[in-house]
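Presented below is the structure to which this report refers.
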Amino acid sequence: MQRAAGARVGPGTAPRARRGGLRWGPLVPIAPALLVVLVLFVYPFAYGLALSLHPIGALARGGMLANYAAFFGTPWERASIWNTLRLAVPVSALDLALALPLAYRLRRPLPGQRLITALLVIPMTLGTVLLAEGMIEFFGPAGWANKALLALHLVRMPVQFVHNYTGVFISLAIADFPAVFLVLLGYASGVDPRLEQAARTLGAGWWARLRRVTLPLLAPGIAAAAALSFVATFSVFPSAVLVGEPAGSTRVIALAAWQAAYEQFDYPRASAIAMVMAAIELVFVALVLAARNRAYRGPTIGGRG
Amino acid sequence: MSAVARAPRARTDGGSSWWVYAAVAAFALLVAGIFLSAFLNSIASSWFGGWLPDGYTMRWYRFALAEFNLGYVLWVTVVVGVSVTVLSLILGVPAAYVLARHAFPGRAPLLLLLVLPMLVPPITYGIPLAAMLYAAHLGGSLAGVIVVNIVPALPFAVLIMTPFFEQIDPNLERAARTLGAGPVQVFRRVLLPIALPGVLAAGLLILVRAIALFELTFLVSGARSQTLVVALYYTAFAAGIRPAQAIDAMAVVYMVTGLVVLLAALRFINPVNMVIRVRQ
Amino acid sequence: MSARPAAEPAPSAPAPARRIGRLEVRGLSKRFAHVVALSNFDLDVQSGEFISLLGPSGCGKSTALNCLAGLVEPDAGRILLDGEDLARVPPERRGFGVVFQSYALFPHMTVARNVAFGLEMMGVRPEAVAERVRQALALVHLEDLGDRYPAQLSGGQQQRVALARALVIEPRLLLMDEPLSNLDAKLRLEMRLEIRRLHQRLGLTTLYVTHDQEEALSLSDRIGLMKDGVLRQVGTPEEVYLHPDTAFVANFFGYRNVFRVHADAVHDGRATVTIPGGLRLEGTPRSGVRQGADAVAAVRPEDVEVGGPGGVDHGIPATVEFAEFVGDAFECSVTADAGVVFVVRTPDRWAQGARVLLRVDPSRLLVFPPE
Chain A
189 MQRAAGARVG
199 PGTAPRARRG
209 GLRWGPLVPI
219 APALLVVLVL
229 FVYPFAYGLA
239 LSLHPIGALA
249 RGGMLANYAA
259 FFGTPWERAS
269 IWNTLRLAVP
279 VSALDLALAL
289 PLAYRLRRPL
299 PGQRLITALL
309 VIPMTLGTVL
319 LAEGMIEFFG
329 PAGWANKALL
339 ALHLVRMPVQ
349 FVHNYTGVFI
359 SLAIADFPAV
369 FLVLLGYASG
379 VDPRLEQAAR
389 TLGAGWWARL
399 RRVTLPLLAP
409 GIAAAAALSF
419 VATFSVFPSA
429 VLVGEPAGST
439 RVIALAAWQA
449 AYEQFDYPRA
459 SAIAMVMAAI
469 ELVFVALVLA
479 ARNRAYRGPT
489 IGGRG
Chain B
453 MSAVARAPRA
463 RTDGGSSWWV
473 YAAVAAFALL
483 VAGIFLSAFL
493 NSIASSWFGG
503 WLPDGYTMRW
513 YRFALAEFNL
523 GYVLWVTVVV
533 GVSVTVLSLI
543 LGVPAAYVLA
553 RHAFPGRAPL
563 LLLLVLPMLV
573 PPITYGIPLA
583 AMLYAAHLGG
593 SLAGVIVVNI
603 VPALPFAVLI
613 MTPFFEQIDP
623 NLERAARTLG
633 AGPVQVFRRV
643 LLPIALPGVL
653 AAGLLILVRA
663 IALFELTFLV
673 SGARSQTLVV
683 ALYYTAFAAG
693 IRPAQAIDAM
703 AVVYMVTGLV
713 VLLAALRFIN
723 PVNMVIRVRQ
Chain C
55 MSARPAAEPA
65 PSAPAPARRI
75 GRLEVRGLSK
85 RFAHVVALSN
95 FDLDVQSGEF
105 ISLLGPSGCG
115 KSTALNCLAG
125 LVEPDAGRIL
135 LDGEDLARVP
145 PERRGFGVVF
155 QSYALFPHMT
165 VARNVAFGLE
175 MMGVRPEAVA
185 ERVRQALALV
195 HLEDLGDRYP
205 AQLSGGQQQR
215 VALARALVIE
225 PRLLLMDEPL
235 SNLDAKLRLE
245 MRLEIRRLHQ
255 RLGLTTLYVT
265 HDQEEALSLS
275 DRIGLMKDGV
285 LRQVGTPEEV
295 YLHPDTAFVA
305 NFFGYRNVFR
315 VHADAVHDGR
325 ATVTIPGGLR
335 LEGTPRSGVR
345 QGADAVAAVR
355 PEDVEVGGPG
365 GVDHGIPATV
375 EFAEFVGDAF
385 ECSVTADAGV
395 VFVVRTPDRW
405 AQGARVLLRV
415 DPSRLLVFPP
425 E
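As they're listed, the protein sequences go chains A, B and C.
For the first sequence, the working numbering assigns the number 189 to the initial residue and increments by one for each residue that follows.
For the second sequence, the working numbering assigns the number 453 to the initial residue and increments by one for each residue that follows.
For the third sequence, the working numbering assigns the number 55 to the initial residue and increments by one for each residue that follows.
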């Protein structure tokens, strides 16, 4: 939500009782939400963590960390991390690279702006399955994509776009783009245009402006979008199955967890794999935030009292 | 869309925005191509590899309606979606208000905690949560599906509504208090009317997301409580047995549901304002 | 001819300001959608001159400044700097210093880096940059705040950083867009003095945009009054203050008594006018007033003499409605028997309801053509 320029509204001072100390009364409305999160999230999460440390079956003799050891010790299981990273990082990078210039330009009015923004956001409603089914049709050997390529003589044989890494890559890139775009658009609109004008009057050409003013000010947005995108793509599951090679190059870590749970009924191992996923995601988010803090400090509105 | 008083535009800039249109057109074409392939397939009597189907029919939709119990599944989806939205708003709006208005020790960690469910894969807490619900005899039921989906929806509600409340001038409430209004009246007569449009808009966005929530419903639902997205996945996964056209039909129904809600949301919100900027 | 000043190592004394010869603006026009922001704007600025553009909001003064800075492309007109047409020159190569109303300080850079920015763009060597930044900050009395971020400064300090940032590049022309409007009254006065001092010391050609007539009067060599995109009168402060050309300008400078009148007679530098209601006055016509036509008459509160029934021998009978003490005088609202209301300024305290006689000096009642 855009803040009106100059309206510095935000959390006021803490509610203080007459005799000093904190009044907890006004904070009560947050309690139900907090309770729900504690009961339905924190507790199950902790339970899942505990579960992962109590291996069952053949691994039971291996001690508390047996599930993790087994996961990292088995090459084909371990590979699922790499398979997922191989998808999540390039897709996130690509979507960021594509969305950033668009979001940046679209923060200023343009004819048809609302239509354009709507078009870029509508893929959110597609859903993994429609996207997958559509891709199988569209990118299949007899689909329009190959037909067009053949008709233009760009290829001599139909290209295999689906049921491999490429299929999942395309599917993720499309599905992930709207969210990344929206986050960047929100941040880009919060950057004071006067700052760039000031930079111009001080002699900065477009490259200098980009490097010294625009990108540093967009750093928080880029960081947020990168974190969001990675978390979403790293959890990829249905599309890896539907348009990928779930037994091979696109055996993603979410799939490994699911198989442990619903094919081998080994819930502790499934939890362990899920914890590994969570850990990787949180590490990535932490890295992104650390990088952002080095690039930038302060609000994005130009200094004004 | 008319530009009434356009802000001064800097020189040698924006003159060449053709690339925006080109990029958007390319993207839209790709997405449209993918969608249309599935859509045409869903209304095709047969399609043997030409540019267009050989004939058209609506029988796949009828098939999906009967075979996949599409009507019932749609009903389940709507009930789950709306319930999850309403509940996350009931929980999240007061929380967002408190976070927006008061700075207190532990505010930042608390915000992080409320948002955390969005940052970790649902499987991490989904399996134990599903086990808990089954133990409480809620497994496989509509109520169970609703409860489980609140967990990822609530953070979303908080993230959208907090900046929204920050933007409302706190002096309005103070003015009402000086005029003698108690907290309940302030809420009913001042806050609610101002916040309502934003709450509704946020609700629409949450609904769009709620319809798409997959993993948790997948873990908890039973035959009578599958939402559209989960039912769709099951039919697609067992694709060998089902005709692809019927799956496509179902998938199109799914998309149209989401699209209708999204377009409704876009009418009330400018996408530029749709975003959550987490405070530094 | 390059539009950018070349980089130089800094001398130990403040570098002399680069002088432009002459700035000529001809026929500048700009419209935004259906709004005419600027219409046929003509102005000549001499080297070292301090010119203010003064007018109410929406009069086009900021648009004119933005056109000069190159941030807005005019629809028509030319800007010539020493004969060189600036139409082809983008803002980054004009070498003008701009101080924005909102300061536009880079929030992610320290004060020192903000000030250094323009020098770095020019390619000045780092040692020279550091020295010049130090001098610029000293010039605005902010020597110790180089390492702070803009958000940590007060409004007045931020304004001074914005000034330093524009000055350090030794601009050919300094453009200031209502720089003081966000400051409180006391700070505004202080900064006004600072700006005046800096102008005397550096001699930079300056174009200053404001809606505050006091600022314009105290700072400027010449003032240009604008309304609805048009430049109405240009002159020295004394000229526009004492001899406004139009009712609009007069009103701006404190001629608070403004009446629609009928010009009964106009000749020999005197005009006789009638205010509807029957009141007849003698005044001094400005050009464009025609006998027998409608006109506008205006007089300052301090130019209306107020006397008791016995004090002056003739005058307009009136009753005092209320009186305000404003420190050095009383401002009273006085209603003439004919129904016309005057605002007058008098050293005497008059009771509410007191009967008085008003006398208006004909040389101070100015008569203008209707707008």
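For each residue, glycine too, the CB sits at the ideal point set by N, CA and C.
One finds Pro580 in chain B with Cβ atoms closer than 7 Å to the Cβ of Leu239 of chain A, taken in chain order. Residue burial is scored here from C-beta neighbours: His341 of chain A has fewer than 16 other C-beta atoms within 10 angstroms and is therefore classed as exposed. A direct Cα-to-Cα measurement between Val350 of chain A and Met465 of chain A gives close to 26 Å. If you look at Glu181 of chain C, you'll find it in the alpha helix (DSSP H) that goes Pro180 to Leu193. Using beta-carbon distances, Pro404 of chain A counts as an interface residue toward chain C, with a partner under 9 Å. Note that the C-beta distance between Leu261 of chain C and Leu125 of chain C is not below 9 Å. Val222 of chain C places its beta carbon less than 9 Å from that of Gln189 of chain C.
At a cut-off of 9 Å, the C-beta of Ala166 of chain C has no neighbouring C-beta in chain A. Counting along the chain, Ala325 of chain C sits inside no alpha helix (DSSP H); it lies in the beta strand (DSSP E) bounded by residues Arg324 to Ile329. Within the model, the alpha-carbon separation for Tyr353 of chain A versus Gly432 of chain A is close to 6 Å. If you draw a straight line from the Cα of Ala605 of chain B to the Cα of Val567 of chain B, it comes to about 10 Å. A distance below 6 Å between beta-carbons, with the five flanking residues on each side excluded, links Ala166 of chain C to the following residues of its chain, in chain order: Val187 and Gly200.
Burial check for Val153 of chain C: the Cβ neighbour count within 10 Å reaches 16 or more, so the residue is buried. Closer than 9 Å at the C-beta level to chain B, one finds these residues of the segment 306–329 of chain A: Ala306, Leu307, Leu308, Val309, Ile310, Pro311, Met312, Thr313, Leu314, Gly315, Thr316, Val317, Leu318, Leu319, Ala320, Glu321, Gly322, Met323, Ile324, Glu325, Phe326, Phe327, Gly328 and Pro329. Note on geometry: alpha-carbon atoms of His242 of chain A and Ile468 of chain A lie some 21 Å from one another. Distance check between Arg439 of chain A and each of A:Arg266, A:Leu247, A:Ala238 and A:Pro456 places A:Arg266 closest, using alpha-carbon atoms only. Residue contact check for Ser93 of chain C against chain A: no CB pair falls below 9 Å. Ranked by Cα distance from Phe617 of chain B, the options B:Leu488, B:Leu585, B:Pro569 and B:Pro645 are led by B:Pro645. Interface annotation, Gly151 of chain C: in contact with chain A, CB-CB separation under 9 Å. Classified as buried, Val183 of chain C has 16 or more neighbouring CB atoms from the shown chains inside 10 Å of its CB. Nearest to Ala386 of chain A by alpha-carbon distance, out of C:Val79, C:Phe150, C:Leu97 and C:Ala383, is C:Phe150. Looking at A:Ala246, A:Leu237 and A:Val224, the one whose alpha-carbon comes closest to that of Tyr577 of chain B is A:Leu237. Of all residues in the segment 328–350 of chain A, none is placed with a Cβ closer than 8 Å to any Cβ belonging to chain C.
Taking the Cα of Gly308 of chain C as reference, the smallest distance to any Cα among C:Thr117, C:Gly361, C:Arg148 and C:Val398 is reached at C:Val398. Taking a contact to require three or more Cβ pairs closer than 8 Å, the segment 300–307 of chain A and the segment 677–686 of chain B do not qualify as touching. Assigned with DSSP and collapsed to three states, His265 of chain C falls in coil, not helix or strand. At a beta-carbon threshold of 7 Å, the residues of chain A lying near Ser489 of chain B are Gly322, Glu325, Phe326, Gly331 and Trp332, ordered along the chain. Membership of Gly558 of chain B in any alpha helix (DSSP H) is not indicated, and neither H nor E is assigned to it by DSSP. DSSP places Ile310 of chain A outside any beta strand (DSSP E), giving it a letter other than H or E.
The alpha carbon of Asn305 of chain C has as its nearest neighbour, out of C:Leu247, C:Leu243, C:Val350 and C:Glu248, the alpha carbon of C:Val350. Contact of Leu253 of chain A with chain B is not assigned, every C-beta pair being separated by 9 Å or more.
An exposed status is given to Thr630 of chain B, since fewer than 16 other beta-carbon atoms sit within 10 Å of its beta-carbon. Around the Cβ of Arg400 of chain A, a 10 Å sphere holds 16 or more other Cβ atoms; the residue is buried. Assigned with DSSP and collapsed to three states, Ser540 of chain B falls in helix. Not a single CB atom of chain B sits nearer than 9 Å to the CB of Pro263 of chain A.
Judged by DSSP in its simplified three-state form, Ser83 of chain C adopts strand.
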